[in-house]
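**Student:** In UniProt numbering, the protein residues as written are 1 to 198. Glycine included, each C-beta is placed from N, C-alpha and C at the ideal position.
1. Just reading off the beta strand (DSSP E) that residue 237 is part of, what are its end residues?
2. Out of curiosity, what's the CA-to-CA distance linking residue 103 and residue 111?
3. Taking Cβ positions, are residue 139 and residue 184 nearer each other than 9 Å?
4. By the 10 Å Cβ neighbour count, where 16 or more other Cβ atoms means buried, how is residue 31 classified, buried or exposed?
5. Could you pull the start and end residues of the alpha helix (DSSP H) that residue 149 belongs to?
6. By DSSP, does residue 113 sit in helix, in strand, or in coil?
7. Can you tell me which of the three DSSP states residue 62 falls into?
8. Go through the stretch 15 to 66 residue by residue and report every complete run of the alpha helix (DSSP H) that reaches 4 residues or more, in order.
9. Could you give the distance in angstroms between the alpha-carbon of residue 59 and the alpha-carbon of residue 33?
10. Give every residue of the same chain whose Cβ lies closer than 8 Å to the Cβ of residue 152, excluding the five residues on either side of it in the sequence, and list them in chain order.
11. Residues in its own chain within less than 7 Å of residue 180 by CB, not counting five upstream and five downstream?
12. Taking the alpha helix (DSSP H) that residue 169 belongs to, which residues open and close that run?
13. May I have the straight-line CA-CA distance separating residue 79 from residue 129, to the nearest angstrom?
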């Protein structure tokens, strides 16, 4: 009988200890850590912590982290999106390179861009005809921007060299000079165009 009571007492203590540890872990991980991380983010990186929003005339235009579906001739065009540029549904196409549907889509994009930019299909960079893994990649390669210069210059009645200088001034170089490639943010570039190339 005594052994049975000791076993019940030991089991109860273990249960209370486990319950206590669970509450402490939930408090530390679910509240304290989250509050500390959020506070540090707001103090050290307020712009990034709030979505890297771009504000013009007290109005949110977009985020520098999310692509927008520019299609007008006077703007730089972004990469294709498998998620229709929706950050709530961001995703890649998940199609293999040998998938006939993907090959057909790429061929259609090549033909459309070649006609629009008046260049050979072989000169079109891969990032302009393939969607990114997220579907909302806000950047394109410098080469992808450069092949759009002639169209934009004609639409805006601007010298091509002015737009080329704009691309150069907005180019982000590879991290440490080796990671990634030189690239430009499409939204920031288009906003600069609307500001008259500033």
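**Tutor:** Once the coordinates are examined:
1. Residue 237 falls outside the range modelled here, since the chain spans only 1 to 198, and no answer is possible.
2. 12 Å
3. yes
4. exposed
5. 149 to 156
6. helix
7. strand
8. 33 to 44, 46 to 49
9. 33 Å
10. 73, 74, 75, 76, 158, 163, 193
11. 174
12. 160 to 169
13. 7 Å
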